[in-house]
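Here is the structure we will look at.
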């Protein structure tokens with residue numbers, strides 16, 4: 012690569028990286044690498060928790076952000092493909108937090124995908140008893156555009172589209188076991 016092209020591209024690459032690094036997710040209900048409370052446990056499938064989604068807030072979205080997506084995923088679930096607990100996309104730009112227990116969005120623009128319990132909205136942690144510690148990834152994505160998903164979009168298609176249009180993301184990994 013010639014020096015002129017490198018001199019032009021390096022600042023652009025650096026600026027993109029810095030703006031994405033500023034995007035930050037926080038929560039008053041869950042903490043990175045700490046155990047979630049019974050409130051965040053599912054109610055059903057042998058679990059008796061409160062099934063409350065955690066409070067989440069985010070800031071520092073990069074320029075060009077048009078919407079947000081929230082995803083909660085357990086890669087440790089013994090399903091062969093993990094377990095989707097929550098997928099909500101096209102969250103409006105002016106929304107930068109969700110309260111504890113929100114679970115569902117009352118906004119016609121927000122698309123909520125069925126979780127692996129077969130319901131839309133948040134479905135809490137419910138690892139099999141004795142299966143060890145599970146790592147629950149709560150991620151907010153800053154999207155470059157609103158996504159055009161079919162009403163019956165799968166979790167895999169949704170994840171693919173979110174990642175394809177992600178300008179930045181921030182994740183809190185919380186723990187749970189039974």
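Residue numbers (my numbering): 12 to 189. In this text, a Cβ means the ideal position worked out from N, Cα and C, and glycines have one as well.
CB-CB length for residue i against residue j, believed under 8 Å
{"i": "residue 66", "j": "residue 109", "result": "7 Å"}
{"i": "residue 35", "j": "residue 71", "result": "5 Å"}
{"i": "residue 60", "j": "residue 77", "result": "Actually they are not in contact, since the Cβ atoms of residue 60 and residue 77 sit about 34 Å apart, beyond 8 Å."}
{"i": "residue 126", "j": "residue 96", "result": "6 Å"}
C-beta atoms of residue i and residue j nearer than 8 Å
{"i": "residue 43", "j": "residue 183", "result": "yes"}
{"i": "residue 158", "j": "residue 100", "result": "yes"}
{"i": "residue 154", "j": "residue 73", "result": "no"}
{"i": "residue 112", "j": "residue 39", "result": "no"}
{"i": "residue 47", "j": "residue 170", "result": "no"}
{"i": "residue 151", "j": "residue 69", "result": "yes"}
{"i": "residue 148", "j": "residue 89", "result": "no"}
{"i": "residue 52", "j": "residue 135", "result": "yes"}
Inter-residue spacing [alpha-carbon to alpha-carbon] between residue i and residue j
{"i": "residue 122", "j": "residue 102", "result": "8 Å"}
{"i": "residue 84", "j": "residue 167", "result": "12 Å"}
{"i": "residue 45", "j": "residue 185", "result": "6 Å"}
{"i": "residue 5", "j": "residue 188", "result": "The shown model of the chain, from 12 to 189, leaves out residue 5, and the question about it has no answer."}
{"i": "residue 174", "j": "residue 165", "result": "14 Å"}
{"i": "residue 13", "j": "residue 80", "result": "Caution is warranted here: a pLDDT of 49 is assigned to residue 13, below 50, making its placement in the model unreliable, and no coordinate value can be reported."}
{"i": "residue 56", "j": "residue 133", "result": "15 Å"}
{"i": "residue 161", "j": "residue 119", "result": "14 Å"}
{"i": "residue 41", "j": "residue 62", "result": "14 Å"}
{"i": "residue 37", "j": "residue 115", "result": "19 Å"}
Span of the beta strand (DSSP E) around residue i
{"i": "residue 185", "result": "177 to 187"}
{"i": "residue 47", "result": "Note, residue 47: premise wrong, no beta strand (DSSP E); not H, not E."}
{"i": "residue 11", "result": "Since the displayed the chain opens at 12 and closes at 189, residue 11 lies outside it and no answer follows."}
{"i": "residue 103", "result": "94 to 103"}
{"i": "residue 35", "result": "35 to 37"}
Residues that residue i bridges to, as DSSP identifies them
{"i": "residue 147", "result": "185"}
{"i": "residue 81", "result": "99, 151"}
{"i": "residue 58", "result": "55"}
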